[in-house]
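As they're listed, the protein sequences go chains A and B.
Each residue of the first sequence is one higher than the last, beginning at 1 in the UniProt record's numbering.
Each residue of the second sequence is one higher than the last, beginning at 1 in the UniProt record's numbering.
We put the CB at the ideal spot given by N, CA and C, even for glycine.
Computed from a predicted structure; not experimentally measured.
First up is the structure itself, then whatever we jot down about it.
Protein chains: 2
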Amino acid sequence: MNFPSNIFNSHSKKDGDFFLSISKVLGFKPKDVSIYRRAFLHRSVNLKDKKGNPMNYERLEFLGDAMLGTIISRHLYNEVPGGDEGYLTKMRSKIVSRKHLNELGKDLDLIRFVETKIPKSHFGDNIHGNVFEALIGAIYLDRGYKYCEKFIRERVIEPYVDIEQLEGKVISYKSLLIEWCQKQKKEFKYEVYEDDGKDLLKHFGVRLFINGKQVSKARATSKKKAEEKASKRAFFALQHKIEKS
Amino acid sequence: MNFPSNIFNSHSKKDGDFFLSISKVLGFKPKDVSIYRRAFLHRSVNLKDKKGNPMNYERLEFLGDAMLGTIISRHLYNEVPGGDEGYLTKMRSKIVSRKHLNELGKDLDLIRFVETKIPKSHFGDNIHGNVFEALIGAIYLDRGYKYCEKFIRERVIEPYVDIEQLEGKVISYKSLLIEWCQKQKKEFKYEVYEDDGKDLLKHFGVRLFINGKQVSKARATSKKKAEEKASKRAFFALQHKIEKS
């Protein structure tokens, strides 16, 4: 990358912090950290490289958008062998929807890395999704396809992609579970605890009790998500009972 | 892949032919040739796998389309460091246009592999582009990202992607060259010869002479393409002279 060498040299403490923080988000160490810097440069900063080309995250966003689409396509291809081209296209567009990408970026609190001349409070929601895509573009340039796949698997597919839910077959496992408990006259309780794990993001923990017995627990970046996750786990653990009822 | 084991077993001669022919198109040997078979199965054949899922090229086309977009994006990112997101998007859509993909499929004569219940003469032009994309999807499943990149580089980018031409800056190197020759009062001659190379596709060779001296030669799958390629080579060889004129 053609970063003007004088931009970041004077901020070596700040550089070290960025390297550590971004490594935590990525789950691996960057080879060329300057590429990741670029993924968070807003056009308002108005930087140019040695050749006079504008430097901001928009080109990386273009690249990351394409790579994300490819890896989600591959995932859907494998997971839904009966889905035709139209179905796969529809499901992919749900997963990579603007709204969903903004959530992903927010959950990782990527906005803290953004360098901008405009106050961050002035940005709309899309900044979160844009830099999330730019980050994928940066991974692609820095470490190639395999690392993108790993990152997208860990940060998008595993925590968020539930095909049943996307298909609209299951809106909420929590409501399914509550309905079942009420029908069966079972008491249920969601117990929230603050999670003091070593994650970079604050997590919430939820334990789900049915008739006083813990049936599942889960952690997530919001209380609502943790409840949903715990419900889903309980749902699958109890599935044979639920289906018979 | 869940291919019903009885479909192709009875055609071992035909299978061997397919393996050889598709290896030539690919430039490498398939690991699992059944995936490539699927890339040419038209829905009219109405095949299903063991689990009852329809087998045709449409799902692979979905996958190949995404991968092609990603690799072209990466190419443009590298080649045009000054292009913004809008420019990159526009250029990519020119390269992966329906018309262009159909040409690529036709040049490789992919339709010879298509298995269909409908007479091939009834297909429109899009069949060529569709199976070209499906073929990329098959490479992705069979050999992964690296082989897709290699295939797209050899079969799409090197022979066909000329950024100057796509930008509309240069419509035709042949006309540029002829114009220059006429202005400079130089004689030019395109000499076509039939190429007897070992390529799987028939190629045409063209030698370009200016004032009786050969300045370039080129091979391509049509006379027109070979002339354009030879003109382009001559153009760059003579560029310093042309620019001064």
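CA-CA distance, residue i and residue j?
i	j	result
D65/B	C148/A	18 Å
I157/B	R92/B	12 Å
F62/A	R155/B	23 Å
I111/B	K120/B	8 Å
E79/B	A230/B	22 Å
P81/B	K13/A	30 Å
K217/A	P159/A	15 Å
R38/A	G69/A	21 Å
F19/A	Y57/B	44 Å
K50/A	A138/B	41 Å
V131/B	G52/B	23 Å
G168/A	G86/A	16 Å
L152/A	D17/B	Going by the sequence as given, residue 152/A is Ile instead of Leu. About 39 Å.
K150/B	Q239/A	47 Å
Report buried or exposed for residue i, applying the criterion of at least 16 other Cβ atoms within 10 angstroms of its Cβ.
i	result
A237/B	exposed
S73/B	buried
H122/A	exposed
E228/A	buried
E133/B	buried
V33/A	buried
V192/B	exposed
L108/A	buried
R59/A	buried
G27/A	exposed
I118/B	exposed
S222/A	exposed
P4/B	With a pLDDT of 48 at P4/B, under the threshold of 50, the predicted position of this residue should be treated as unreliable, and no value is reported.
K213/B	exposed
L104/A	buried
K183/B	exposed
K225/B	buried
N6/A	A caution first: N6/A carries a pLDDT of 46, below 50, which makes its placement in the model unreliable, though a value can still be read off. That one is exposed.
Output needed for residue i: all residues of its chain with C-beta closer than 8 Å, excluding positions within five of it in sequence on either side, in chain order.
i	result
K94/A	H100 and L166
F235/B	Y173, L176, L177 and I242
Y77/A	L88
G83/A	L76 and M91
Under 6 Å Cβ to Cβ from residue i, same chain only, skipping five residues before and after it: list those, please.
i	result
K185/B	none
P30/B	Y36 and D142
M67/A	I136, Y140 and C148
residue 271/B	A query on residue 271/B cannot be resolved here, the shown segment of chain B reaching from 1 to 245 and no further.
F209/A	K189
M1/B	In this prediction, M1/B has a pLDDT of 46, which is less than 50 and means its spatial position is unreliable; nothing more can be read from the coordinates.
R207/A	E191, Q214 and K217
S10/A	Low confidence applies to S10/A: its pLDDT is 49, below 50, so where it sits in the model is not reliable, and the reading given next is rough at best. There are no such residues.
Which residues in the same chain have their Cβ closer than 7 Å to the Cβ of residue i, if we skip the five residues on either side of it in sequence?
i	result
D195/A	H203, F204, G205 and R219
E115/A	F40, L41, H42 and V45
N211/A	K186 and E187
D125/A	N102
K48/A	P54 and M55
R98/A	N126 and G129
K106/A	H128
Whose C-alpha, out of the options, is nearest the C-alpha of residue i?
i	options	result
V96/B	G83/B, H75/B, V114/B and R112/B	H75/B
F113/A	K223/A, G86/A, R233/A and D15/A	D15/A
I71/B	A138/A, V161/A, K24/A and Y145/A	Y145/A
Name the chain C residues that come within less than 8 Å of residue i, Cβ to Cβ?
i	result
A138/B	Looking at the structure shown, chain C is missing, and the protein chains on hand are A and B.
Sorry if obvious, but does the Cβ on residue i come closer than 7 Å to a heavy atom of the ligand FMN?
i	result
I136/B	No copy of the ligand FMN appears in this structure; indeed no ligand is present at all.
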